[in-house]
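Student:
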Amino acid sequence: MDRQGLEASTVIGADTIISGTIRAQGTVLIDGRVEGDICTDGLLMIGEGAIVVGNVYAGSVICRGLIVGDIIASEEVELLDSASLNGTVRAPVCLVDDGALLTDNMNMVYEAEELSSDGDASPIRAVA
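The numbers in my numbering rise by one with no breaks, and the one at position 76 of the sequence shown is 76.
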């Protein structure tokens with residue numbers, strides 16, 4: 001993960017385990033383990049070797065680690081080469097690199113659609 005120029009407002013280090021919900025604003029960087037939901041209006045970066053067991057709600061998500069739970073993003077999700085997701089992606093744009101593992105499903109939604117709604121949505125675009 002390229003961290004040049006990254007100014008994370010919240011950082012969970014590699015030797016840290018958090019149990020409970022994280023609510024933050026701005027960029028959140030996870031290199032450790034989180035057992036609970038993560039909510040941010042900005043960018044969430046999950047580092048290689050990081051583990052999240054819970055749902056993720058963010059503006060954008062870049063993942064190189066493991067997520068066991070759903071990802072709901074208002075802008076974009078990137079599952080990079082070492083990423084593993086056991087859950088559903090719900091976002092207008094999802095990029096999946098070669099080597100990334102998605103073991104549930106992906107729902108592409110309209111940008112203007114409420115992400116919390118259960119209505120059907122047609123895909124905007126999927127890049128894989």
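Each residue gets a CB set at the ideal place from its N, CA and C atoms; glycine is no exception. This structure is a prediction, so every number in the text was calculated from the model and none was measured.
Using DSSP bridges, identify the partner residues of Asn-105.
Tutor: DSSP output for Asn-105 lists Thr-88 as bridge partner(s).
Student: Using CA atoms only, rank isn't needed, just tell me which of Leu-66, Leu-29, Val-96 is closest to Val-77.
Tutor: With distances taken between Cα atoms, Val-77 lies closest to Val-96.
Student: Just to confirm before moving on: does the CB-CB distance between Asn-107 and Val-93 stay below 8 Å?
Tutor: No, they are not a contact pair.
Student: Hey, quick one: how far does the beta strand (DSSP E) through Glu-7 stretch, first residue to last?
Tutor: From DSSP, Glu-7 is part of no beta strand (DSSP E); its letter is neither H nor E.
Student: In or out: Arg-23 buried (at least 16 other Cβ within 10 Å) or exposed?
Tutor: So Arg-23 ends up on the exposed side.
Student: Considering only residues of the same chain and omitting the five flanking positions on each side of Gln-25, which have a CB-CB separation below 7 Å?
Tutor: Once the five neighbours on either side are set aside, the close Cβ partners of Gln-25 are Ser-9, Thr-40, Asp-41, Gly-42.
Student: Excluding the 5 residues preceding and the 5 following Ile-132 in the sequence, name in chain order all residues of the same chain whose CB lies nearer than 7 Å to its CB.
Tutor: Residue 132 falls outside the range modelled here, since the chain spans only 1 to 128, and no answer is possible.
Student: When you compare each of Val-11, Val-109, Gly-59, Ile-38 to Val-68 by their alpha carbons, which one comes out closest?
Tutor: Considering only alpha carbons, the answer is Ile-38.
Student: Which residues bound the beta strand (DSSP E) around Arg-33?
Tutor: Per DSSP, Arg-33 belongs to the beta strand (DSSP E) from 33-35.
Student: Buried or exposed: Ala-14, going by 16 or more other Cβ atoms within 10 Å of its Cβ?
Tutor: When all chains shown are included, Ala-14 counts as exposed.
Student: Answer with buried or exposed for Asp-70, where buried requires no fewer than 16 other C-beta atoms within 10 angstroms of its C-beta.
Tutor: Classification of Asp-70: buried, given that the 10 Å Cβ count is 16 or more.
Student: For the beta strand (DSSP E) that Glu-75 lies in, which residues bound it at each end?
Tutor: First-last of the beta strand (DSSP E) with Glu-75: 71-79.
Student: Among Val-11, Glu-7, Gly-36, Leu-85, whose alpha-carbon lies nearest the alpha-carbon of Thr-21?
Tutor: Closest by alpha carbon: Gly-36.
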